[in-house]
Structure formats: C-alpha cells, structure tokens
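Mapping of the sequence shown onto the numbering used here: residues 305 to 455, in sequence order. Every residue, glycine too, gets a C-beta built ideally from N, C-alpha and C. Note that the structure is a prediction, hence the values are computed from the model and not measured. Notes to accompany the following structure.
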Amino acid sequence: MNGFREKLYRFLSGRYGLRALGDPMQFLIYAVYLVLVLVQFFTRLRIISLFELALIGITLFRVLSRNIPAREREAQKVYALFLKLRDAWRFRGARAEERRQKRAVQKERRRDKEHIYRECPNCGATLRLPRKKGKHTVRCPRCGVDFGVKC
C-alpha cells in the first residue's frame, strides 16, 4: 500500500489539486452542482445528470491540470465576478435611495412656478433663476462664465 501512496503522490505533485472552497471557481462549480442535484431530485430529468457529469469532468480537469497559472487566472476572473455581484447586491438600497431623492428634487423643481433651473454649460452647476420671459444673460456664480438663457 505504501508503494501506491508514493506513486499517487508523485502523480499529483505539480498539479493544481483540490483547493476546497478557497478556489472561487471550484466554489462556483460546487454550487451549480448542488443546484443541479436538487433540481434533478425534484424533476427527475435525465438530461440534468449529463450536466452533472460535465461538472465532475471540469472539476477533474482542473484538479489534474499542470497549468497552474491558467487555473489561477480563471479563479481570479470568477472572484472578480463575485465581487461585482456582491457590490451590486450591497449597494442596491443606497442607489435606490439616491434615485428617490433625485426624483423628489425634480418633482419639487417642476412645481416651482417662480423659478427655472438651468445647468451651466461650463461647470455643470445647477442655477435657480427667476422666471422672466425672453432671452437673458446669466453669470455662473461657481465658474464666472456668462451664458444665454431663454424662458
């Protein structure tokens, strides 16, 4: 038995190996595999077992691969995807709050009958101007540029 263990050790040396859940790509494969097993359990579809076998094949390929830099690049790409998804999930409430506030400000500006709101073409500052008919020249208080406004 000791000879088999030695041969197995020599065979696996220099290979990517099993990184458990530390490898984001393996984590993704395990998660998809688990979902497929649950779906197959409830639906009894035989086609799903083909996908499960494909995932097992991909896992074996990754475990036995000697191209470690390529496997690490794959893992980095999947990890970057996880970070994007996490950030999108984490900040979805903050973005919704910003949109809500922006809509409230726009609604308030539409109700304002005494003023018009224009943006400075140079710096983008929003200016609140008195509502007067005709063409007027306005100076931006932030950058000092003069520009024309039509009401």
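C-beta neighbour in chain B for residue i, strict 9 Å
i: leucine 354; result: Of the protein chains in the structure, only one exists, and it is not chain B.
Cβ-Cβ distance between residue i and residue j below 9 Å
i: glutamate 336; j: leucine 359; result: In the sequence under discussion, the amino acid at residue 336 is valine, which differs from the glutamate named in the question. Yes, they are a contact pair.
i: cysteine 455; j: histidine 440; result: yes
i: glycine 318; j: arginine 370; result: yes
i: arginine 422; j: valine 442; result: yes
i: glutamine 330; j: arginine 366; result: yes
i: proline 434; j: glutamate 412; result: no
i: asparagine 426; j: valine 453; result: no
Residue i (DSSP reduced to helix, strand or coil)
i: valine 336; result: helix
i: glycine 397; result: helix
i: aspartate 327; result: coil
i: glycine 321; result: coil
i: leucine 349; result: coil
i: asparagine 306; result: helix
i: glycine 361; result: helix
i: valine 343; result: helix
Cross-strand partners of residue i (DSSP beta bridge)
i: lysine 454; result: Lys439
Integer Cβ distance of residue i from residue j, believed to fall under 8 Å
i: leucine 340; j: glutamate 356; result: 5 Å
i: proline 328; j: alanine 379; result: 5 Å
Segments assigned beta strand (DSSP E), at least 3 residues, entirely inside the region 407 to 445: 419 to 423, 430 to 434 and 439 to 443
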